[in-house]
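J.: Have a look at this one.
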Amino acid sequence: MSDTMEIDGQQQQQQQGVDAAVPDGFNTDYLRIYYAKLFPYGDFFKWLSYGNDAKHPGCDQSYIGRRELSFTLENDIYLRFQSFDSAAELESSIKEKCPFKIDIGPVYSVDPAKRHAYAQSGNNVFVPVERELIFDIDISDYDDVRYCCSGADTCLDCWPLMTIVIKILDASLRGDFGFNHILWVYSGRRGVHCWVCDSRARKLTNEQRSAIADYFRVYKGGENSLKKVSLTGPVLHPFLARSYTDVLKSFFEDKLLHSQQLLASEERCQKILELIPDENVASEIHDRWQGNRRSSISKEDVNASRWEQLKTTLQSGKHKTQGLRRCVEEIVFSYTYPRLDMEVSKHMNHLLKAPFCIHPKTGRVCVPIDPNNCEDFDPSAVPTLSQLLGELNAAGMQMDSESDWERTSLEKSIRFFRTSFLQPMLKACKEELESAYSAKLQQSKNTLNW
Ligand SMILES: [Zn+2]
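Taken in order, the sequence shown gives residues 1 to 450; the numbers are from the working numbering.
As structure tokens, this is what we get:
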């Protein structure tokens, strides 16, 4: 008797499991449920308001309404220059239009939706005035140094190249530039985005943005130039020296060399030898590598032993003076150093995909990445749209739709966004706003005293 009941119970549970599952995919129906139940409108709006949505008399009430959002609808229909005065307005527009992609543009001098009216009034001052400092990194820019995947594909062997970008840039943006409010976001498929949100960063001119982008640039020459990295000058810049000793060297030697089998074939060996400017030295190294093909070194060790032989040759006293001093570092930089899309960072009016969008090709959410634990980030474990809808089904419909996300695996990402990024940033915004306001009051008081 009791046995039968148990079996019945199991069957019932299995039945529920089948009902809760949602087939993989990306479509308007799925997206509508996501926008109805899961997209974090409130947090998103608070972020882009930067404290100006409060009641404080120092707030700039026009601020959020001058921000451009751009929607890409189904069939690649672009709706640029959308603007919103309230979270409710934003929410109802997104729910109504159901954009496949949401991009964030700059804050303009006037409401971008009314730019034509301003132009007609002869008061043509439609220019971008504020924008987060942004970085866009795409793993397909690393196709010449990864052998596991190409194009938009990624796997756990090449994804660590993105982890390295986060480590290098995050440390420098904080340590060298003093920025504190930095948001890293998975692009949903092939890379990462960085948003530097300090007010000092948002007010940078295009010239200042270019100077910061150039600070990170070590790549010279174009697509066809063999030597992509040139580390010049008598000593390495402290930022590059730190990047090398703290991150790049060990990543290259302990991980990439083996995971990408960088010295396991003649073709791959040649590619590294081409980075050595002295042909005689390159052929000396090649001869030593030929020698160990006959030796008993296993396939596992060949990358490490060939790398050691290269280093010993290049760093021997004999070659130190021949302009080869930096060659080992240059090879490591060529294979590991962040490759940024510079144009995105240099101009205020570039659009960048918003966090918490869904990538149409992968169905994955563009979730924030914690820079302090970025090595644990696994893109293949990021929740997909169908997975989230399945979780909603399994949790059952509840009256309190405010907290639907708490019952899905999106919870971790929204909590991280809120507590690690949004709250500290809004606290800083409030302090700046209050001190600017009291300085203004003090000034007008002084003027009155005259
Ligand atoms: Zn890969």
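C-beta atoms are modelled at their ideal positions from N, C-alpha and C, and glycine is treated no differently.
Around the C-beta of glutamine 61, are 16 or more other C-beta atoms found within 10 angstroms, so that it is buried, or is it exposed?
T.: Locating residue 61 in the sequence shown gives position 61, where the first residue counts as 1. Exposed, by the Cβ-count rule.
J.: So cysteine 327 and glycine 188 are supposed to be a Cβ contact under 8 Å. How far apart are they, rounded?
T.: Residue 327 sits at position 327 when you count from the first residue of the sequence shown. Residue 188 sits at position 188 when you count from the first residue of the sequence shown. Between glycine 188 and cysteine 327 the Cβ distance is about 38 Å, and since that is not below 8 Å, they are no contact.
J.: With a threshold of 7 Å, establish whether the CB of threonine 28 neighbours any heavy atom of ligand 1.
T.: The residue given as residue 28 occupies position 28 in the sequence shown. Threonine 28: no, Cβ never under 7 Å from ligand 1.
J.: Is threonine 336 helix, strand or coil by DSSP?
T.: As a working mapping, residue 336 is identified with position 336 in the sequence shown. It is helical.
J.: Please state whether the Cβ-Cβ distance between asparagine 372 and valine 22 is less than 8 Å.
T.: Taking the first residue of the sequence shown as 1, we reach residue 372 at position 372. Taking the first residue of the sequence shown as 1, we reach residue 22 at position 22. Cβ distance not < 8 Å, so asparagine 372 and valine 22 don't count as in contact.
J.: Does ligand 1 have even one heavy atom less than 7 Å from the beta-carbon of arginine 146?
T.: Reading the sequence shown from its first residue, position 146 is the one you call residue 146. Yes; taking the cut-off as 7 Å, the Cβ of arginine 146 has a heavy atom of ligand 1 nearer than that.
J.: Should threonine 154 be listed as close to ligand 1, given that the test is whether its C-beta is under 7 Å from any heavy atom?
T.: Start at 1 with the first residue of the sequence shown, and residue 154 comes out as number 154. Threonine 154 Cβ: within cutoff of ligand 1.
J.: Residues in its own chain within less than 6 Å of isoleucine 94 by CB, not counting five upstream and five downstream?
T.: Mapped onto the sequence shown, residue 94 falls at position 94. The answer, listed in chain order, is Tyr35.
J.: Taking just the CA atoms, how far does isoleucine 369 sit from glutamine 15?
T.: Locating residue 15 in the sequence shown gives position 15, where the first residue counts as 1. Locating residue 369 in the sequence shown gives position 369, where the first residue counts as 1. In this prediction, glutamine 15 has a pLDDT of 45, which is less than 50 and means its spatial position is unreliable; what the coordinates show is noted afterwards. Those two C-alpha atoms are separated by around 35 Å.
J.: In the DSSP assignment, the beta strand (DSSP E) including isoleucine 149 goes from what residue to what residue?
T.: For this step, residue 149 is matched to residue 149 along the sequence shown. First, the amino acid is wrong: residue 149 is cysteine here, not isoleucine. Run containing cysteine 149: none; DSSP gives neither H nor E here.
J.: Are there three or more Cβ pairs, one per stretch, closer than 8 Å when the region 83 to 90 is compared with the region 37 to 47?
T.: Verdict: yes, contact present.
J.: Whose CA, out of Cys197, Leu340, Trp307, lies closest to the CA of leucine 426?
T.: On the sequence shown, position 426 is the one that residue 426 refers to. Nearest option by C-alpha distance: Cys197.
J.: What residue does the beta strand (DSSP E) around glutamate 68 start on, and which one ends it?
T.: Taking the first residue of the sequence shown as 1, we reach residue 68 at position 68. Unbroken beta strand (DSSP E) run through glutamate 68: 67 to 73.
J.: Tell whether a beta-carbon distance below 8 Å holds between phenylalanine 166 and valine 192.
T.: In the sequence shown, residue 166 corresponds to position 166, counting from 1. In the sequence shown, residue 192 corresponds to position 192, counting from 1. One point to set straight first is that residue 166 is isoleucine, not phenylalanine, in the sequence displayed. Cβ distance < 8 Å, so isoleucine 166 and valine 192 count as in contact.
J.: Let me confirm a value: glutamate 279 is counted as buried when at least 16 other C-beta atoms fall within 10 Å, else exposed. Which label applies?
T.: Within the sequence shown, the letter at position 279 stands for residue 279. Flag for glutamate 279 reads exposed.
J.: Could you name the residues that DSSP lists as bridge partners for tryptophan 195?
T.: Taking the sequence shown and counting its residues from 1, one reaches residue 195 at position 195. Per DSSP, Ile134, Leu183.
J.: Thinking leucine 262 and isoleucine 276 are a contact (beta carbons under 8 Å), I'd like their distance in whole angstroms, please.
T.: Numbered from 1 along the sequence shown, position 262 holds the residue referred to as residue 262. Numbered from 1 along the sequence shown, position 276 holds the residue referred to as residue 276. Actually they are not in contact, since the Cβ atoms of leucine 262 and isoleucine 276 sit about 14 Å apart, beyond 8 Å.
J.: Which whole runs of the beta strand (DSSP E) in the region 38 to 67 are 3 residues long or more, in chain order?
T.: With a minimum length of 3 residues, no continuous beta strand (DSSP E) run stays inside the region 38 to 67.
J.: Straight-line CA distance for asparagine 224 to serine 409?
T.: Indexing the sequence shown from 1 puts residue 224 at position 224. Indexing the sequence shown from 1 puts residue 409 at position 409. Unreliable placement is indicated for asparagine 224, whose pLDDT of 49 sits below 50; no coordinate value is reported for it.
J.: Would tyrosine 437 pass as a contact of histidine 56 if the rule is Cβ separation under 8 Å?
T.: For this step, residue 437 is matched to residue 437 along the sequence shown. For this step, residue 56 is matched to residue 56 along the sequence shown. For tyrosine 437 and histidine 56, yes; Cβs fall inside 8 Å.
J.: Would you check whether ligand 1 has a heavy atom nearer than 7 Å to the C-beta of aspartate 143?
T.: To locate residue 143, count along the sequence shown from 1; it is residue 143. No, the Cβ of aspartate 143 stays beyond 7 Å of every heavy atom of ligand 1.
J.: On the DSSP letters alone, give me the boundaries of the alpha helix (DSSP H) that valine 107 sits inside.
T.: Translated into positions along the sequence shown, residue 107 becomes position 107. Premise fails: valine 107 lies in the beta strand (DSSP E), 101 to 108, not in any alpha helix (DSSP H).
J.: Rank Val185, His181, Val218, Tyr215 by C-alpha distance to the C-alpha of arginine 200 and give the top, closest one.
T.: As a first step, residue 200 is located in the sequence shown; it is residue number 200 there, counting from the start. Nearest option by C-alpha distance: His181.
J.: Less than 8 Å between the C-beta atoms of proline 112 and arginine 131, yes or no?
T.: Your numbering for residue 112 matches position 112 in the sequence shown. Your numbering for residue 131 matches position 131 in the sequence shown. Against a cut-off of 8 Å, the Cβ pair of arginine 131 and proline 112 comes out as no contact.
J.: Tell me which residues share the same chain as cysteine 155 and place their Cβ nearer than 7 Å to its Cβ, disregarding the 5 neighbours each side in the sequence.
T.: Residue mapping note: residue 155 aligns to position 155 of the sequence shown, counting from 1. If we look at cysteine 155 and ignore the five residues flanking it on each side, its Cβ neighbours are Cys148, Cys149.
J.: Per DSSP, which residues does lysine 353 bridge with? Please list them.
T.: On the sequence shown, position 353 is the one that residue 353 refers to. BP columns for lysine 353 point to Asp103.
J.: Tell me where the beta strand (DSSP E) around tyrosine 142 begins and ends.
T.: Counted from its first residue, the sequence shown places residue 142 at position 142. Note, tyrosine 142: premise wrong, no beta strand (DSSP E); not H, not E.
J.: What residues in its chain sit with their C-beta under 7 Å from that of leucine 433, if we drop five residues either side in the sequence?
T.: Here residue 433 refers to the residue found at position 433 of the sequence shown. Cβ neighbours of leucine 433 beyond the five flanking positions: Gly51, His56, Gly58, Cys59.
J.: Do you know how far the Cα of tyrosine 335 is from the Cα of leucine 461?
T.: The chain is shown from 1 up to 450; residue 461 falls before or after that span and cannot be answered.
J.: Should glutamine 12 go down as buried or exposed, given a rule of 16 or more other Cβ atoms within 10 Å for buried?
T.: Translated into the one-based positions of the sequence shown, residue 12 becomes position 12. Note that glutamine 12 scores a pLDDT of 45, beneath 50, so its modelled location is shaky; the value from the coordinates is reported in the next line. So glutamine 12 counts as exposed.
J.: Hey, proline 363 and aspartate 24: beta-carbon distance below 8 Å or not?
T.: By one-based count along the sequence shown, residue 363 stands at place 363. By one-based count along the sequence shown, residue 24 stands at place 24. The amino acid occupying residue 363 in the given sequence is glycine; proline does not appear at that position. Yes, the Cβ-Cβ distance between glycine 363 and aspartate 24 is below 8 Å.
J.: Asparagine 449: buried (16+ other C-beta within 10 angstroms of its C-beta) or exposed?
T.: If you number the sequence shown from 1, residue 449 lands on position 449. It is exposed - the Cβ of asparagine 449 has fewer than 16 other Cβ atoms within 10 Å.
J.: Could you tell me how far apart the beta carbons of leucine 133 and phenylalanine 216 are, in whole angstroms, since I believe they sit closer than 8 Å?
T.: Walking along the sequence shown from the start, residue 133 turns up at place 133. Walking along the sequence shown from the start, residue 216 turns up at place 216. Not a contact, Cβ separation roughly 11 Å.
J.: What three-state label does DSSP hand leucine 156 in the structure shown?
T.: Within the sequence shown, the letter at position 156 stands for residue 156. Coil.
J.: For serine 121, does the count of other Cβ atoms within 10 angstroms reach 16, so buried, or fall short, so exposed?
T.: As a working mapping, residue 121 is identified with position 121 in the sequence shown. Serine 121 comes out exposed.
J.: How is glutamine 315 classed by DSSP in three states: helix, strand or coil?
T.: Against the sequence shown, residue 315 aligns to sequence position 315. The answer is coil: DSSP assigns glutamine 315 none of H, G, I, E or B.
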